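Once you know that position 80 of the sequence shown is 86 in the working numbering, the rest is easy, because the numbers rise by one and skip nothing.
We put the CB at the ideal spot given by N, CA and C, even for glycine.
This one's a predicted model, so the numbers in the text were calculated from it and none came from an experiment.
Structure first, commentary second.
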Amino acid sequence: MTSSSKATIAGLTLIASSSILYSAFRKKNETSFAKIPSALLKGPHAAEMQLAVKLALEAGKNMMFHLDTKGTKRGEGAEEKLGINTKQNDADFATEIDVANEKLIIAGIQKAFPSHEIIGEESTGTGEVAPLTNKPTWIIDPIDGTTNFASGCCLTCVSIGFCVGGKPVMGVAFSPKTQELYLGMEGFGAYRNGEKISSSDKTSEKTLKNSVVCFEFGYARSEEGVDNMVNAVRNVLKHGCRSTRSYGSGVLDLCYVASGRLDVVYTGIAEEGWKPWDYCAAMVIAEEAGCTIRSLKGDDFDSDGKVKADSSFDIYSKSMICGVNQTVVEECRKVVLNK
Numbered sequence: 007m008t009s010s011s012k013a014t015i016a017g018l019t020l021i022a023s024s025s026i027l028y029s030a031f032r033k034k035n036e037t038s039f040a041k042i043p044s045a046l047l048k049g050p051h052a053a054e055m056q057l058a059v060k061l062a063l064e065a066g067k068n069m070m071f072h073l074d075t076k077g078t079k080r081g082e083g084a085e086e087k088l089g090i091n092t093k094q095n096d097a098d099f100a101t102e103i104d105v106a107n108e109k110l111i112i113a114g115i116q117k118a119f120p121s122h123e124i125i126g127e128e129s130t131g132t133g134e135v136a137p138l139t140n141k142p143t144w145i146i147d148p149i150d151g152t153t154n155f156a157s158g159c160c161l162t163c164v165s166i167g168f169c170v171g172g173k174p175v176m177g178v179a180f181s182p183k184t185q186e187l188y189l190g191m192e193g194f195g196a197y198r199n200g201e202k203i204s205s206s207d208k209t210s211e212k213t214l215k216n217s218v219v220c221f222e223f224g225y226a227r228s229e230e231g232v233d234n235m236v237n238a239v240r241n242v243l244k245h246g247c248r249s250t251r252s253y254g255s256g257v258l259d260l261c262y263v264a265s266g267r268l269d270v271v272y273t274g275i276a277e278e279g280w281k282p283w284d285y286c287a288a289m290v291i292a293e294e295a296g297c298t299i300r301s302l303k304g305d306d307f308d309s310d311g312k313v314k315a316d317s318s319f320d321i322y323s324k325s326m327i328c329g330v331n332q333t334v335v336e337e338c339r340k341v342v343l344n345k
């Protein structure tokens with residue numbers, strides 16, 4: 007037998023072994039990913055997290071038929087059946103499943119915690135977002151990445167955050183198609199499918215040049231807004247980075263930074279800034295994973311572009327930047343804003 011044949015056999019054996027191991031892991035993962043780690047069950051918001059996980063999984067089930075069948079014979083006319091309702095413009099819309107998911111989640115919260123306040127994307131609509139008070143408050147996005155969902159793309163999720171004293175303290179994000187459940191609780195860590203996560207290289211010398219940079223174009227369609235966003239991307243590319251991404255789900259963008267799949271994400275160059283329901287749950291997950299998150303255009307930075315020690319992110323901010331460490335956040339912000 008030639009060395010080439012031996013190498014081929016060895017390679018096939020490795021692939022077969024890997025496939026068997028992965029199948030076993032996947033089977034185990036499919037039955038265990040929804041379990042909440044014991045460390046989180048010891049936290050002060052364990053009851054709220056248990057409810058949020060239950061509701062997120064139920065809402066995720068509502069999304070699966072469309073995600074599974076879009077583009078197939080079974081899914082013919084699927085997008086038309088979604089009942090798409092436009093909000094601000096053709097790029098900003100909701101489906102009937104967005105609305106159904108929000109009703110499901112709100113009903114579950116009101117039954118378990120009738121005194122708690124709730125802020126939801128669909129019930130807010132195009133109106134002013136209610137201010138966050140010191141009362142226990144839930145902030146929910148029944149489907150984050152609605153365009154992805156309507157298109158049958160797997161990068162979409164259910165997001166449920168919980169605030170106490172005007173501050174996010176617990177977050178749950180569930181991506182039904184990828185079967186990934188992200189959890190975070192203030193002071194108790196961040197997890198994906200039961201395994202603790204941390205942002206990649208948060209203690210190393212990660213720089214913009216070796217970072218994967220994410221941004222979202224959102225709903226901005228004005229000439230000035232589009233020019234500003236394109237110029238920001240141009241600045242990043244001219245400076246140099248490993249690559250750029252635009253996944254279409256702000257919640258997952260932040261979860262991916264938290265788990266090291268991305269290095270930095272920013273928004274708010276134009277009118278495309280996100281809303282509290284895009285930040286609330288994922289902010290807790292990102293910070294508990296060791297990320298730095300601040301307002302891109304706010305006063306969270308000093309005159310030298312350094313993060314102020316006493317600053318913190320406001321989920322009502324019109325802009326945001328989040329990275330695996332403070333260094334890459336400061337560097338990316340300077341480049342994006344051309345400072």
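Nonlocal neighbours in the same chain, by C-beta distance under 6 Å from residue i, ignoring five residues either side
i	result
residue 34	Only weak support exists for where residue 34 lies, its pLDDT of 48 falling under 50; the value from the coordinates is given anyway. Same-chain partners within the cutoff: there are none.
residue 280	256 and 273
residue 332	298 and 313
residue 143	123 and 169
residue 61	111 and 114
residue 130	none
residue 71	none
Continuous alpha helix (DSSP H) stretch holding residue i: start and end
i	result
residue 74	52-75
residue 221	Looking at the DSSP string, residue 221 is not in any alpha helix (DSSP H); the run it does join, the beta strand (DSSP E), is 218-221.
residue 152	152-157
residue 170	Segment 163-170 is the beta strand (DSSP E) holding residue 170; no alpha helix (DSSP H) there.
residue 276	No alpha helix (DSSP H) contains residue 276, which DSSP labels as neither H nor E.
residue 115	102-118
residue 262	256-264
residue 45	44-47
Sequence-distant residues of its chain with Cβ nearer than 7 Å to residue i (five each side left out)
i	result
residue 336	311, 312 and 313
residue 27	Note that residue 27 scores 44 on pLDDT, short of 50, meaning its location in the model is unreliable and no value can be drawn from it.
residue 204	295 and 296
residue 216	248
residue 107	65, 68, 148, 149 and 164
Residue i, DSSP secondary structure in three states
i	result
residue 31	Interpretation of residue 31 is limited by its pLDDT of 42, a score under 50 that renders its predicted location unreliable; the figure taken from the coordinates is listed afterwards. Note: residue 31 maps to helix in three-state DSSP.
residue 144	strand
residue 344	coil
residue 290	helix
residue 97	Since pLDDT at residue 97 reaches only 47, below the 50 mark, its modelled position is unreliable, and the value read off the structure follows with that caveat. DSSP places residue 97 in coil when its eight states are reduced to three.
residue 242	helix
residue 297	coil
residue 232	helix
residue 335	helix
residue 202	strand
First and last residue of the uninterrupted beta strand (DSSP E) at residue i
i	result
residue 173	173-181
residue 187	186-191
residue 249	249-251
residue 129	Where residue 129 is concerned, there is no enclosing beta strand (DSSP E), although the alpha helix (DSSP H) it sits in stretches over 127-130.
residue 272	270-273
residue 321	Per DSSP, residue 321 belongs to no beta strand (DSSP E) and is neither H nor E.
residue 196	195-198
8 Å Cβ cutoff met for residue i and residue j
i	j	result
residue 73	residue 182	yes
residue 176	residue 64	no
residue 302	residue 339	yes
residue 226	residue 342	no
residue 373	residue 214	In this structure the chain extends from 7 to 345, so residue 373 is not present and cannot be described.
residue 282	residue 322	yes
residue 259	residue 286	no
Sequence-distant residues of the same chain with beta carbon closer than 8 Å to residue i, five excluded per side
i	result
residue 40	59, 63 and 187
**Request:** Decide yes or no for the touch test of the segment 184-204 against the segment 283-292: beta carbon pairs closer than 8 Å, at least 3 of them.
**Result:** yes
**Prompt:** Do the segment 134-143 and the segment 109-123 make contact, defined as three or more Cβ pairs closer than 8 Å?
**Reply:** yes
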